[in-house]
Structure formats: structure tokens, C-alpha cells
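53 is the number that our numbering gives to position 43 of the sequence shown; each next residue is one higher, with no gaps. Okay, structure first, notes after.
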Amino acid sequence: MPFTDASTVLLGKLATYLPDEEDSGAAEIVPGYVHGAVRRFEIGGRLTLTPEVLWFAAHPINYAPGTRFGIPVEEIVRLDDVSSGLRRKVRVIMRSGMAPTFLMWGIPRFIEAVERARAAL
């Protein structure tokens with residue numbers, strides 16, 4: 011399902027993918043990513059929640075502009091608010107053990123929307 015299908019969008023949020031976080035899965039997602047190659051590697055983009063998939067698409071002006079990936083909602087085990095200080099972060103724990111982390115505002119609303127999508131499956 012294309013993530014641009016507006017008829018199925020449950021929630022859209024600006025977000026920053028944090029590939030340097032533990033268990034982020036970045037080596038499998040971001041072309042050419044090497045942990046620690048730059049001081050802090052962050053990829054700004056947009057999260058789009060559909061009934062079956064949580065999509066991330068990087069903005070065109072980024073270190074990794076072509077970065078796009080989807081997390082099947084059925085593969086999400088839980089979502090953790092791992093914010094610290096002013097940095098509001100949410101970690102998406104998957105069955106595979108991967109745990110991509112995103113920087114964003116409105117985490118409680120985001121978690122609630124994903125949980126509703128999970129419950130609807």
C-alpha cells in the first residue's frame with residue numbers, strides 16, 4: 011500500500027528518525043549508514059500511520075534524502091516514551107528486536123493512534 015494514499019491516513023506527524031539510537035535497525039534501513047561515522051546522525055521527515063503500516067519518509071534535504079521505510083503495525087510490540095529533557099522521543103519496539111526511535115512532539119496522541127490501529131487488526 012503506498013504511504014501517500016490519503017484516504018487511509020490515520021495520522022501524519024513531522025518526525026526525525028534517530029538511527030544512532032540502540033537497536034534502531036539503521037544499517038538495514040539507511041543506505042550507506044555507518045554507526046558513529048558522523049557526530050550525531052538524524053534524518054528529518056514525516057511519519058504517516060495507515061491501518062496496516064507506520065511509514066517514514068525523509069525530507070528531500072537531508073543526509074539520507076531517499077530514506078523510506080515502513081513498519082507493519084502487526085509487528086509493533088509496544089511504544090515507549092523515552093523522552094529526556096526537551097527532546098521528546100518515542101521508541102517503536104518490534105517483534106524482530108529492532109527499535110527505531112523518533113524525535114517528535116505529541117507523543118501521547120501518536121501512541122494512542124498506533125495502539126488503536128493495532129487493536130483494529
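We put the CB at the ideal spot given by N, CA and C, even for glycine.
In the displayed model, A67 falls within a strand according to three-state DSSP. Counting the other CB atoms within 10 Å of its CB gives P29 a total of 16 or more, which places it among the buried residues. Cβ contact annotation for W115 (same chain, cutoff 7 Å, sequence separation greater than five): R98, in chain order.
Linking L24 to T60 through their CA atoms gives a straight-line distance of about 15 Å. In the structure shown, F120 adopts helical secondary structure according to DSSP, grouped into three states.
For S93, the CB contacts under 6 Å within the same chain, skipping 5 residues up- and downstream, are K99 in chain order. Membership of L20 in any beta strand (DSSP E) is not indicated, and neither H nor E is assigned to it by DSSP. Taking the Cα of A36 as reference, the smallest distance to any Cα among T111, L20 and I71 is reached at T111. S34 counts as buried, since no fewer than 16 other beta carbons sit within 10 angstroms of its beta carbon. DSSP assignment within the segment 69 to 111 yields the following whole beta strand (DSSP E) runs of 3 residues or more, N-terminal first: 78 to 82, 86 to 91 and 99 to 104.
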